[in-house]
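Visitor:
Numbering (our numbering), first residue to last: 13 to 279.
(1) Are the C-beta of residue 207 and some C-beta of chain B separated by less than 8 Å?
(2) Helix, strand or coil for residue 157 per DSSP?
(3) How far does the alpha helix (DSSP H) with residue 70 in it reach, from first residue to last?
(4) Work out the CA separation of residue 155 and residue 211 for me, nearest whole Å.
(5) Rounding to the nearest angstrom, what Cα-Cα distance links residue 172 and residue 84 in this structure?
(6) Here's the rule: buried if 16 or more other CB atoms are within 10 angstroms of the residue's CB, otherwise exposed. What is residue 266?
(7) Report yes if the C-beta distance between residue 232 and residue 199 is below 8 Å; otherwise report no.
(8) Suppose the cutoff is 6 Å on Cβ atoms and the five residues either side in sequence are ignored; what does the same chain contact list for residue 248 look like?
(9) Between the beta-carbon of residue 130 and the beta-carbon of residue 14, is there less than 8 Å?
(10) Would residue 159 be called buried (16 or more neighbouring beta carbons within 10 Å of its own) or exposed?
(11) Which term fits residue 279, buried or exposed, when burial requires 16 or more other beta carbons within 10 angstroms of its beta carbon?
(12) Going by DSSP in three states, residue 46 sits in which element: helix, strand or coil?
(13) Buried or exposed, going by whether 16 or more other CB atoms sit within 10 Å of the CB of residue 260?
(14) Helix, strand or coil: how does DSSP classify residue 184 here?
(15) In three-state terms, what does DSSP make of residue 274?
(16) In this structure, how does DSSP classify residue 229 when only helix, strand and coil are distinguished?
(17) Using a 10 Å radius around the Cβ and a threshold of 16 neighbouring Cβ atoms, would you call residue 92 buried or exposed?
(18) Using a 10 Å radius around the Cβ and a threshold of 16 neighbouring Cβ atoms, would you call residue 169 buried or exposed?
(19) So, at 7 Å on beta carbons, what are the nonlocal neighbours of residue 191 in its own chain, with the 5 sequence-adjacent residues on each side left out?
(20) Am I right that residue 101 and residue 43 are in contact with their C-beta atoms under 8 Å? What's the rounded C-beta distance?
(21) Rounded to whole angstroms, what is the Cα-Cα separation between residue 203 and residue 217?
(22) How many whole angstroms separate the CB atoms of residue 90 and residue 77, which I take to be in contact at a CB cut-off of 8 Å?
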């Protein structure tokens, strides 16, 4: 895999909770990058603010703007969520609104860099928490660079109403920038309308439904013990297989050789 971006239309459907649950339950080496312009929450929430000194995407942005140091300083800005194995790493988001101004001009730079992570030794995939798109300076370049974009929404009508307009905005942007079709999928949270019904109504397939699991969501949001057997963690772990399948199908399509000009297709 490469870049998996998560985003929401409005409200609080649990984008960061979903991204963190996937990071803690998937099997591949992962970097969870908090790229929500409104600010990151994993450091203050799940990690309880326990960190020695400033670290994260804001510090990277300042260094990159000053002396182009992204490649040399990236790994020092990460937090090991599974220490000391360095298999699940966190790039904390901005913690000061002033940092958002430094980060916004660099979304394309970060997108290009995240694409190189899977080619490293060892290689990492990036789960990118893009937050809500209805904010100042949304990270569109990260969505365009993603191999899969997961739009997280509640399954009830109020959430789906806002999701419909966001889908259209994403589709228009992707068409304009020639993003390959089939990149966008829905993840629905909680009870409500059925997956097939939602997919048909919104015109985008629903890849998974995540259950309401207040105990696990509380631990992921504010710190505590996260148990792999809890419903939310099991569902997040189950999301890895369909995401991998989408990636394999997409890459197979992109790798399919185009017919040479002037040479008719075989019959």
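Glycine residues also receive a C-beta, built at the ideal position from the N, C-alpha and C atoms. Remember, predicted model here, so these are calculated numbers, not experimental data.
Guide: If we stick to the structure as given:
(1) Among the chains in the structure shown there is no chain B, since it carries only a single protein chain.
(2) helix
(3) 69–79
(4) Rounded to whole angstroms, residue 211 to residue 155 spans 20 Å at the Cα level.
(5) Straight-line Cα distance between these residues: approximately 42 Å.
(6) Counting other Cβ atoms within 10 Å of its Cβ, residue 266 stays below 16 and is therefore classed as exposed.
(7) Contact: no.
(8) 33, 34 and 37
(9) yes
(10) buried
(11) Only weak support exists for where residue 279 lies, its pLDDT of 36 falling under 50; the value from the coordinates is given anyway. By the neighbour-count rule (16 or more Cβ atoms within 10 Å), residue 279 is not buried but exposed.
(12) strand
(13) Exposure of residue 260 is indicated by the presence of fewer than 16 other C-beta atoms within 10 angstroms of its C-beta.
(14) Residue 184: helix per DSSP, three-state reduction.
(15) For residue 274, the predicted structure reports a pLDDT of 49, less than 50, and the residue's modelled location is therefore unreliable. The matter cannot be settled from this model.
(16) It is helical.
(17) exposed
(18) exposed
(19) 156
(20) 5 Å
(21) 17 Å
(22) Not quite, the Cβ-Cβ distance comes to about 20 Å (not below 8 Å), so this is no contact.
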